[in-house]
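Down below is the structure, laid out as structure tokens.
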Amino acid sequence: MPTPERILEREGRTLPTTHPVVANSAMTVRAELLFVSGHGPFVDGRPAHTGKLGVDVTIEGGQEAADTVTMNLLGPLKAELGELSRISRFVKLLVFVNASSDFAQHHLVADGATNLLVKVFGDIGRPARSAVGVASLPLNFAVEIEAVVEVRD
Amino acid sequence: MPTPERILEREGRTLPTTHPVVANSAMTVRAELLFVSGHGPFVDGRPAHTGKLGVDVTIEGGQEAADTVTMNLLGPLKAELGELSRISRFVKLLVFVNASSDFAQHHLVADGATNLLVKVFGDIGRPARSAVGVASLPLNFAVEIEAVVEVRD
Amino acid sequence: MPTPERILEREGRTLPTTHPVVANSAMTVRAELLFVSGHGPFVDGRPAHTGKLGVDVTIEGGQEAADTVTMNLLGPLKAELGELSRISRFVKLLVFVNASSDFAQHHLVADGATNLLVKVFGDIGRPARSAVGVASLPLNFAVEIEAVVEVRD
Chain L
1 MPTPERILER
11 EGRTLPTTHP
21 VVANSAMTVR
31 AELLFVSGHG
41 PFVDGRPAHT
51 GKLGVDVTIE
61 GGQEAADTVT
71 MNLLGPLKAE
81 LGELSRISRF
91 VKLLVFVNAS
101 SDFAQHHLVA
111 DGATNLLVKV
121 FGDIGRPARS
131 AVGVASLPLN
141 FAVEIEAVVE
151 VRD
Chain Z
154 MPTPERILER
164 EGRTLPTTHP
174 VVANSAMTVR
184 AELLFVSGHG
194 PFVDGRPAHT
204 GKLGVDVTIE
214 GGQEAADTVT
224 MNLLGPLKAE
234 LGELSRISRF
244 VKLLVFVNAS
254 SDFAQHHLVA
264 DGATNLLVKV
274 FGDIGRPARS
284 AVGVASLPLN
294 FAVEIEAVVE
304 VRD
Chain D
307 MPTPERILER
317 EGRTLPTTHP
327 VVANSAMTVR
337 AELLFVSGHG
347 PFVDGRPAHT
357 GKLGVDVTIE
367 GGQEAADTVT
377 MNLLGPLKAE
387 LGELSRISRF
397 VKLLVFVNAS
407 SDFAQHHLVA
417 DGATNLLVKV
427 FGDIGRPARS
437 AVGVASLPLN
447 FAVEIEAVVE
457 VRD
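Chains as they are written, first to last, in my numbering: chain L, 1 to 153; chain Z, 154 to 306; chain D, 307 to 459.
Written out as structure tokens, the structure is:
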């Protein structure tokens, strides 16, 4: 059977050899896994950072929301693991940005999450990452993030 | 190298020690995995529960849609596994709610899915969970859900 | 303890024995995993295929965007793995379609991705798949896709 590369060649398709990295996140990551629920930007038990990017939340405000959400992801991980250093890799972040239909800078908002992870965890804090603009979020959160984390035994 | 906790401390950041549980779902879950495609609320092969939360579907209607989708997730799992008791854990649900831009109760809609899972599977039916409001869904479904399930060998 | 099937029976609930396959994608897949970030339809380093389904992008245009994104998923996989034949299975695609609030054909757009994978990889190119309509995407991409891929050791 022909290789995938050969089939693409036959079809006249060329694999992109480079691809633009539009934001601070790694492209592919191997895994063994802890799944973390989507979290919102609660502070002291109350939703902070509500609203919509492209309407009433600035990119900086969105980045702060993403940073706050990331702290809220780390809280239950600390509770579950005892020591955050048991995390061997942040595998995947899916960043949901509460956004208008014409907003186009979701990747910059998501940097608020990965910048904090890289600051705290170094290279292992650089996950595969997606950022998308959703129509709405629970409690009108500006950002919701779910995560997949690899943990040492 | 300093621990992640030490780095956060240096930055003056405090990990949230508790976090509000806004809905019926666990926060973190370990895994070995079966992935299930996003399903919609088909009944007898036809899309039931169409429409948009915040426009023409009530929260109760959305919960019924989520319940119906969950049955449609269990169908292929039964077909694949033979016995549903081979499921050792529902690891993750991602609940897409077809919602207006000002809807804010997605977590209540998602309870329609996890309430059924907990009723049928007990504690192992309590997955990590995210609920978000999307602009639109295939065939105008009110709810679409994808799942990750851990299975016994 | 009663089986899940017995509990459903008691509740008067009947598992769907068949379910409509609305598009080219498998329902359940087992996994060991490589996660790939959400990618957009870049061509030669520039965003191609921008715009919104249901507004200014046709279904065919959306399928071409999904095909282009899929090439952009394969590029980093080739770079990471050396040979694409080390991929033992495409486990999961999550297809985000930049769509209006009344668009309802996201599954057809997503076929642009899975059709290419099946052409190049055969049956192992048929992943569990979800397709949803998001309010907006980075750089106004028409489509963004993230993937989970199983790799041979």
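The beta carbon of each residue, even a glycine, is placed where N, CA and C say it ideally should be.
Measure from the C-beta of Z:Ser190 to each C-beta in chain D and report whether the shortest distance is under 8 Å.
yes
Which residues in the same chain have their Cβ closer than 8 Å to the Cβ of Z:Asp220, if we skip the five residues on either side of it in sequence?
Gly265, Ala266, Asn268, Leu269
From the DSSP output, in three-state form, read off Z:Arg199 for me.
strand
Check whether Z:Asn251 and Z:Phe294 have beta carbons under 8 Å apart
yes
Please classify Z:Val189: is it buried, with 16 or more other beta-carbons within 10 angstroms of its beta-carbon, or exposed?
buried
Give me whichever residues DSSP pairs with D:Phe396 in a beta bridge.
D:Val455
Which one or two residues does DSSP pair with L:Arg13 in a beta bridge?
DSSP lists no partner for L:Arg13.
Contact under 8 Å by Cβ, D:Ile393 with D:Leu383:
yes
D:Ser394 CB to nearest chain L CB: under 8 Å?
no
Positions along the region 275-298 of chain Z whose CB lies within less than 7 Å of some CB in chain D
Val287, Ala288, Ser289, Leu290, Pro291, Leu292, Asn293, Glu297
Counted within 10 angstroms of its Cβ, other Cβ atoms place L:Arg30 as buried (16 or more) or exposed
Here L:Arg30 scores only 47 on pLDDT, less than 50, and its place in the model should not be relied on; the value that follows carries that caveat. L:Arg30 is exposed by the Cβ-count criterion.
In angstroms, rounded to a whole number, what distance separates the CA positions of D:Gly388 and Z:His259?
42 Å
In the DSSP assignment, the alpha helix (DSSP H) including Z:Val214 goes from what residue to what residue?
A small fix is needed here, since residue 214 of chain Z is Gly in this sequence, not Val. 212-234 is the span of the alpha helix (DSSP H), which, as asked, contains Z:Gly214.
If I'm right that Z:Val244 touches Z:Val301 with Cβ under 8 Å, what's the distance once you round it to whole angstroms?
4 Å
Between Z:Leu237, Z:Ile212, Z:Ala288, which has its C-alpha nearest Z:Met224's C-alpha?
Z:Leu237
Determine the direct distance from the alpha carbon of L:Gly133 to that of D:Ala434, and round the result to whole angstroms.
23 Å
Let's test the definition: count the other Cβ atoms within 10 Å of the Cβ of D:Glu452 and tell me whether it reaches 16, buried, or not, exposed.
buried
Flag Z:Asn268 as yes if its beta-carbon sits less than 8 Å from any beta-carbon of chain D, otherwise no.
no
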